[in-house]
Amino acid sequence: MLFRINEIGLFQKEKKDIVKFHDEINFISGESNTGKSSIGSIINYCLGSSKNIPGAKITNEPDIFLINLTIDTHNILIARNKFNATKLKGEKYIFLKKVNSEFSLYNIDISFFNDNESDYFTIDDFKELEIPKYFSSFPIKTRLDGKEKVRPTVRNMPPFIFQTQGLITNGSQLFYQMAGVKARGIKRDRKT
Numbered sequence: 051m052l053f054r055i056n057e058i059g060l061f062q063k064e065k066k067d068i069v070k071f072h073d074e075i076n077f078i079s080g081e082s083n084t085g086k087s088s089i090g091s092i093i094n095y096c097l098g099s100s101k102n103i104p105g106a107k108i109t110n111e112p113d114i115f116l117i118n119l120t121i122d123t124h125n126i127l128i129a130r131n132k133f134n135a136t137k138l139k140g141e142k143y144i145f146l147k148k149v150n151s152e153f154s155l156y157n158i159d160i161s162f163f164n165d166n167e168s169d170y171f172t173i174d175d176f177k178e179l180e181i182p183k184y185f186s187s188f189p190i191k192t193r194l195d196g197k198e199k200v201r202p203t204v205r206n207m208p209p210f211i212f213q214t215q216g217l218i219t220n221g222s223q224l225f226y227q228m229a230g231v232k233a234r235g236i237k238r239d240r241k242t
């Protein structure tokens, strides 16, 4: 299964900031306080996290947070208004639209979301979207012991697509945001 983030965007009424990723390993570097550490939080927020994005500058300025991603052969735009927006609050709603392979965040502005309000879903409905229903290359049953059929959702993907600097230096954690968390469908072998 292919799961790739093509672009991340932060849109305001008159301004947009976009980070474009390439089809290879991407390293993000720069000066302190430029938002590098917020990228993981922005991805999680766009994928339905119940938490607001930390950091006063990031959460107060953008009106919409966006990710343009590819899952298998499908290009998908996922966006979320700021957490406490006056209309279609990010706290409760998420934007989801299938787009063509030539789509880019550079070619739209904030009016795109006003023109496509029917593509907003509740966060709960979004979290229930199961990957196997839409993408045939993902296995239906993820456990081999037959006890439980676990259906991964879009929320299960971030640990497999990026690693933070702190994670790379942490010898006891393999995936992003999985320290102390029981991941769906992962059974640990605890032989001693």
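Using the working numbering, you'd call the opening residue of the sequence shown number 51 and step up by one each time.
Idealized CB from N, CA, C, for every residue including glycine.
Identity of the residues DSSP links to residue i by a beta bridge
i: HIS124; result: ILE121
i: GLU57; result: LYS70 and ASN118
i: LEU146; result: ILE128
i: PHE163; result: BP columns for PHE163 are empty, so no partner.
i: PHE153; result: Answer is none; PHE153 lacks a bridge partner.
i: TYR95; result: TYR95 pairs with nothing; no bridge assigned.
i: PHE171; result: ILE144
Contacts around residue i, its chain only, beta-carbon distance under 7 Å, and the 5 residues preceding and following it disregarded
i: THR172; result: LYS142 and TYR143
i: TYR156; result: ILE68
i: PHE163; result: ILE114, ALA129 and PHE145
i: PRO112; result: LEU60, PHE61, GLN62 and LYS132
i: ASN166; result: LYS147
i: SER91; result: ILE103 and PRO104
Alpha-carbon to alpha-carbon, residue j and residue i
i: ILE126; j: GLN62; result: 21 Å
i: PHE71; j: ILE55; result: 7 Å
i: ASN76; j: ILE103; result: 22 Å
i: SER151; j: TYR95; result: 23 Å
i: LEU179; j: SER100; result: 16 Å
i: GLU74; j: THR123; result: 17 Å
i: ASP174; j: ILE89; result: 23 Å
i: LYS137; j: ILE158; result: 20 Å
Chain-order list of residues whose beta-carbon lies under 6 Å from that of residue i (same chain, five-residue window excluded)
i: LYS147; result: LEU127 and ASP169
i: GLY140; result: ARG130, ASN131, LYS132 and PHE133
i: VAL149; result: ASN125 and LEU127
i: THR84; result: none
Nearest-angstrom beta carbon gap, residue j and residue i [assumed within contact, 8 Å]
i: ILE68; j: GLU81; result: Wrong, their Cβ atoms sit about 19 Å apart, outside the cutoff.
i: LEU52; j: ILE121; result: 7 Å
i: ILE78; j: LYS86; result: 5 Å
i: LYS66; j: GLY59; result: 6 Å
Same chain only: Cβ atoms within 8 Å of residue i, ignoring 5 sequence neighbours per side
i: PHE153; result: ASN118, ASN125 and LEU127
i: ALA135; result: ASP113
is_contact[residue i, chain C] using C-beta, thresh 8 Å
i: PHE115; result: Although the question refers to chain C, the structure presented lacks it and comprises just one protein chain.
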